[in-house]
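**Q** The UniProt record's numbering applies: residue 1 is where the sequence shown begins, and numbers increase by one.
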Amino acid sequence: MDHPITVDSDACTRCGICMEICPMGIIAQDGPDDLPRLVPGGEAVCSRCGHCEAVCPAGAVSALYPASGPQHLPGGSAAIAPADLAAYLRARRTVRRYREACVDKETVEALLDVVRFAPSGMNGQPVHWLVVHDPAEVRRLAGLAIAWMREASRAGHPMADLFGVLVRTWDAGVDQICRGAPHLVVAHADAKDPMAYTDSIIALAWLEVAAPSFGLGTCWAGFFQIAAASSPALLEALGLPEGHAPQYAMALGYPAYRFPRVPGREPVRVTWR
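Below you can see the structure in the form of structure tokens.
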């Protein structure tokens, strides 16, 4: 296995911060004048999280990773005032009405480029993305979900009553599966990965939170996911890589309306100990 980190002996100040920050505890420094090093066997457990590289004040540590390297943060950190962040997060709304205008692929790619930094278990980064960009294809996939629900209702599915409502509204011209959004984003991963679902939900939450900064809205496509997990026809239509399963889906597009106010919510419920 390739050595996961290298240290520039000329640039390193021997401060030891990389050793302190390593979540796996696999970086050691024998003495105050010695270079940090990987402990024996450290290669096997290194998660390639890049914390050592990112935290080094001198930029002396390089972590081996097959993708892009570290990005310098002006001022040393990405700080947002709590009040500004609170206002942004509270303004987040689920969008169920979309404009017909399509989002250009470059904007979607820029959004996903932010989302790829979402945390994942042991930095496994298992999430892959299917972006259904063609509105007609989104409509076709939603129709396959409805077709499955129609049959599942007749077969006595536990959610038959709800499926019946969704089918009737679809037949009346109202899409409650993908909410008429022009695009659909599906997070998928190895079906055998026990952390794939959790990591996918985290990544989609990042997508949802980041989307408004691009002028976009999102909606968790739970009805679509229920169908995708059970409908062979819909799963085949998604065309995911062999061994992969859809973890969850999200509608995406330009909101038809803006929300000038924040609705009320229940007070926080917390127990202190």
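Glycine included, every Cβ here is placed at the ideal spot set by N, Cα and C. None of these values were measured; they are calculated from a predicted model.
Which residues bound the alpha helix (DSSP H) around residue 190?
**A** Per DSSP, residue 190 belongs to no alpha helix (DSSP H); it is in the beta strand (DSSP E), 183-190.
**Q** With DSSP collapsed to three states, give me the class of residue 6.
**A** strand
**Q** Decide if the stretch 32-52 is in contact with the stretch 90-105; the criterion is three or more beta carbon pairs, one per stretch, under 8 Å apart.
**A** No, the stretch 32-52 does not touch the stretch 90-105.
**Q** To the nearest angstrom, how far is it from the Cα of residue 89 to the Cα of residue 262?
**A** 10 Å
**Q** Can you confirm whether the stretch 119-139 touches the stretch 187-197 when touching is taken to mean that 3 or more C-beta pairs between the two stretches lie within less than 8 Å?
**A** Result yes; three or more Cβ-Cβ pairs closer than 8 Å.
**Q** In whole angstroms, what is the alpha-carbon distance linking residue 239 and residue 7?
**A** 43 Å
**Q** Give me the Cα-Cα distance between residue 213 and residue 255, rounded to the nearest whole angstrom.
**A** 12 Å
**Q** Please state the DSSP three-state secondary structure of residue 254.
**A** DSSP places residue 254 outside both helix and strand once states are collapsed to three, so it counts as coil.
**Q** According to DSSP, residue 197 sits in a beta bridge with which residue or residues?
**A** Bridge partners of residue 197: none, in fact.
**Q** Taking residue 62 as part of the beta strand (DSSP E), name the residues at either end of that continuous run.
**A** 61-63
**Q** Residue 253 to residue 179, Cα distance in whole Å?
**A** 10 Å
**Q** Which residues mark the beginning and the end of the beta strand (DSSP E) in which residue 130 is found?
**A** 128-132
**Q** Return the CA-CA distance between residue 155 and residue 86, expressed in angstroms with no decimal places.
**A** Residue 155 and residue 86: Cα-Cα distance of roughly 46 Å.
**Q** Kindly indicate which three-state DSSP category residue 218 falls into: helix, strand or coil?
**A** strand
**Q** Assuming residue 183 and residue 270 are in contact, meaning their beta carbons sit under 8 Å apart, how far apart are those beta carbons, in whole angstroms?
**A** Wrong, their Cβ atoms sit about 37 Å apart, outside the cutoff.
**Q** State the Cα-Cα distance for the pair residue 246 and residue 51, rounded to the nearest angstrom.
**A** CA-to-CA, the gap between residue 246 and residue 51 works out to about 30 Å.
**Q** Take the Cβ of residue 9 as the centre, count every other Cβ of all protein chains shown within 10 Å, and call the residue buried at 16 or more, exposed below.
**A** exposed
**Q** With DSSP as the reference, identify every bridge partner of residue 177, one or two as the case may be.
**A** Its beta-bridge partners do not exist; DSSP assigns none.
**Q** Tell me, to the nearest whole angstrom, how far the beta carbon of residue 62 is from that of residue 53; I am working on the premise that it is less than 8 Å.
**A** 6 Å
**Q** Name the DSSP bridge partner or partners of residue 37?
**A** 28
**Q** Distance, Cα to Cα, residue 222 vs residue 141?
**A** 14 Å
**Q** By DSSP, does residue 51 sit in helix, in strand, or in coil?
**A** Here residue 51 sits in helix by DSSP.
**Q** Do you know offhand how far residue 229's Cα is from residue 249's?
**A** A straight line joining the alpha-carbon of residue 229 with that of residue 249 spans about 11 Å.
**Q** Quick check: the Cα distance between residue 190 and residue 224, rounded to an integer number of angstroms?
**A** 19 Å
**Q** At the level of alpha carbons, what is the spacing between residue 24 and residue 42?
**A** Going by the C-alpha atoms only, they are around 9 Å apart.
**Q** Comparing alpha-carbon positions, which option in 55, 11, 13 lies nearest residue 20?
**A** 55
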